[in-house]
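Below is one structure, written out as structure tokens; the observations come after it.
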Amino acid sequence: MNALVINSSGRTEQSVSRKLVAELVAELATKHPDLHTTYRDVATSLPFVNDLMIGGFYIPAEQRTPEQQQALAFSDQLVQELKAADVLIIGAPIYNFSIPASLKTWVDLIARAGLTFKFSAAGPEGLLTGKRAYLVITSGGVEVGSPYDLATPYLRQVLGFVGITDVQVISADRLNLLGEQPVSAARDAIRQIHAAA
Numbered sequence: 575m576n577a578l579v580i581n582s583s584g585r586t587e588q589s590v591s592r593k594l595v596a597e598l599v600a601e602l603a604t605k606h607p608d609l610h611t612t613y614r615d616v617a618t619s620l621p622f623v624n625d626l627m628i629g630g631f632y633i634p635a636e637q638r639t640p641e642q643q644q645a646l647a648f649s650d651q652l653v654q655e656l657k658a659a660d661v662l663i664i665g666a667p668i669y670n671f672s673i674p675a676s677l678k679t680w681v682d683l684i685a686r687a688g689l690t691f692k693f694s695a696a697g698p699e700g701l702l703t704g705k706r707a708y709l710v711i712t713s714g715g716v717e718v719g720s721p722y723d724l725a726t727p728y729l730r731q732v733l734g735f736v737g738i739t740d741v742q743v744i745s746a747d748r749l750n751l752l753g754e755q756p757v758s759a760a761r762d763a764i765r766q767i768h769a770a771a
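Counting from 575, one number per residue, gives the positions in the sequence shown under my numbering.
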């Protein structure tokens with residue numbers, strides 16, 4: 575089983591989302607000894623979508639200029655990582671009600687017409703079906719699932735758009751208000767996932 579693990583917190587050692595993601599990966603590995611894990615830390619300098627990329631997105635690969643091919647090379651790599659994964663794990667702290675800008679950049683680089691979704695007469699159709707995703711959502715003050723939480727529904731929408739509809743949320747929210755209790759609840763949820771896996 576192949577897992578793609580996305581971390582997006584700007585924090586490292588003090589990041590709750592990173593710690594919970596690591597615990598989830600460890601639990602899955604005990605249940606699936608064949609687990610092969612690819613890590614992608616999007617908090618470290620992803621390129622923003624630019625004019626060269628956009629020009630290359632909408633023409634066949636063989637018609638792209640060398641400059642467009644070079645501009646799209648990293649996006650192509652991210653798409654291949656996602657395609658190869660059976661399981662996607664995203665660690666996402668809530669920043670100002672939404673996801674970190676770095677994670678939004680990852681979304682912009684993997685949402686590719688003809689690769690991860692396509693347009694049909696019925697509308698857009700996701701091409702990455704048959705995958706499972708876990709969202710590890712953390713926050714200092716925002717309650718996950720409340721009107722102030724724009725991160726969770728956005729990630730569900732994006733994943734559904736590319737065909738990933740089996741999505742489970744593990745949250746540790748309002749950490750500045752509730753202390754360690756949400757972390758303990760998230761760890762319980764991780765153990766339940768492991769038991770059911």
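Virtual Cβ for every residue (Gly too), placed ideally from N, Cα, C.
Could you have a look at residue i and say whether DSSP puts it in helix, strand or coil?
i      : result
Ala685 : coil
Asn705 : Note on identity: in this sequence residue 705 is Lys, with Asn being the wrong assignment. The answer is coil: DSSP assigns Lys705 none of H, G, I, E or B.
Asn581 : strand
Asn670 : coil
Asn576 : strand
Ser589 : coil
Ser649 : helix
Tyr613 : strand
Glu597 : helix
Glu636 : helix
Ser619 : coil
Ser745 : strand
Ser720 : coil
Val661 : strand
Gly802 : Examination of residue 802 is not possible in this model, given that the chain is present from 575 through 771 alone.
Thr739 : coil
Glu699 : strand
Alpha carbon to alpha carbon, how far is residue j from residue i? Give it in angstroms, no decimals.
i      : j      : result
Leu729 : Ile664 : 9 Å
Asn750 : Thr703 : 37 Å
Leu733 : Tyr708 : 11 Å
Val718 : Ile744 : 10 Å
Ser582 : Asp625 : 25 Å
Glu636 : Phe693 : 21 Å
Tyr669 : Leu620 : 18 Å
Pro756 : Asp747 : 6 Å
Asp682 : Leu578 : 17 Å
Leu725 : Arg638 : According to the sequence as given, residue 725 is Ala; it is not Leu. Cα to Cα, the separation comes out at about 34 Å.
Phe648 : Ala695 : 30 Å
Pro634 : Lys678 : 25 Å
Within 10 angstroms of its Cβ, does residue i collect 16 or more other Cβ (buried), or is it exposed?
i      : result
Ser676 : buried
Ile673 : buried
Ile628 : exposed
Asp608 : exposed
Ser758 : exposed
Looking at residue i: is its Cβ nearer than 9 Å to the Cβ of residue j?
i      : j      : result
Arg614 : Trp680 : yes
Leu662 : Ile580 : yes
Ser591 : Ile711 : yes
Ile738 : Gly700 : yes
Gly630 : Gln643 : yes
Lys705 : Ala666 : no
Leu656 : Thr611 : no
Glu601 : Ile767 : yes
Phe671 : Tyr632 : no
Would the beta-carbon of residue i be found less than 8 Å away from any heavy atom of the ligand ADP?
i      : result
Tyr728 : Questions concerning the ligand ADP fall outside what the structure shown contains, since it holds no ligand whatsoever.
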